[in-house]
Ligand SMILES: [Ca+2]
């Protein structure tokens, strides 16, 4: 009984908060991700099949942010997340073989969302171009990473936190 009451109260709270925090969105109730986004590892992910430069792709993702839920190009923080991307990409019709992710291989390599995980999945021989070619894409989405000219235009994947989580 207590468990039922708890989940009921949580449902009411998040239903009300949804109205406040995500006014205008298509999502009802307590879905953890907005419509069209795919959940994995307490995060929401969206492949955008539009050709954009690395910088424009990141700006596009940031434009999808919600209050308290910043969106960025995806950070791949584990082998499991890499595998998730590979499976997700297979579901997108007509997606090319290259996809921007949110890693910048510059003097101080970093994930754009601030992740500090040490997981890397460089393709054999990568990265090979030094800090002059700092933007990172995956090939055969979910496959190995490569550093690439930032002005190249590829589809990309955005990532943002679940609703009601601040992590
Ligand atoms: Ca991530």
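In UniProt numbering, the protein residues as written are 1 to 167. Every residue, glycine too, gets a C-beta built ideally from N, C-alpha and C.
Here DSSP, grouped into helix, strand and coil, assigns residue 152 to coil.
Here DSSP, grouped into helix, strand and coil, assigns residue 59 to helix. For the set 146, 137, 151, 42, the Cα lying nearest the Cα of residue 157 is the one of 137.
When the five nearest sequence neighbours on each side are left out, the beta carbons in the same chain lying within less than 6 Å of the beta carbon of residue 140 are those of 97, in order along the chain. Contact between residue 143 and residue 126 does not hold, since their C-beta atoms are separated by about 11 Å, which reaches or exceeds 8 Å. Note on geometry: alpha-carbon atoms of residue 117 and residue 94 lie some 31 Å from one another. A direct Cα-to-Cα measurement between residue 161 and residue 128 gives close to 32 Å.
Between the beta-carbon of residue 74 and that of residue 102 there is about 6 Å, and that keeps the pair under the 8 Å contact cut.
Set against 8 Å, the gap from the CB of residue 113 to the closest heavy atom of ligand 1 is smaller.
The beta carbon of residue 76 sits closer than 8 Å to at least one heavy atom of ligand 1. Remark: C-beta atoms of residue 155 and residue 51 approach each other more closely than 9 Å. At a Cβ-Cβ threshold of 9 Å, residue 39 and residue 33 count as neighbours.
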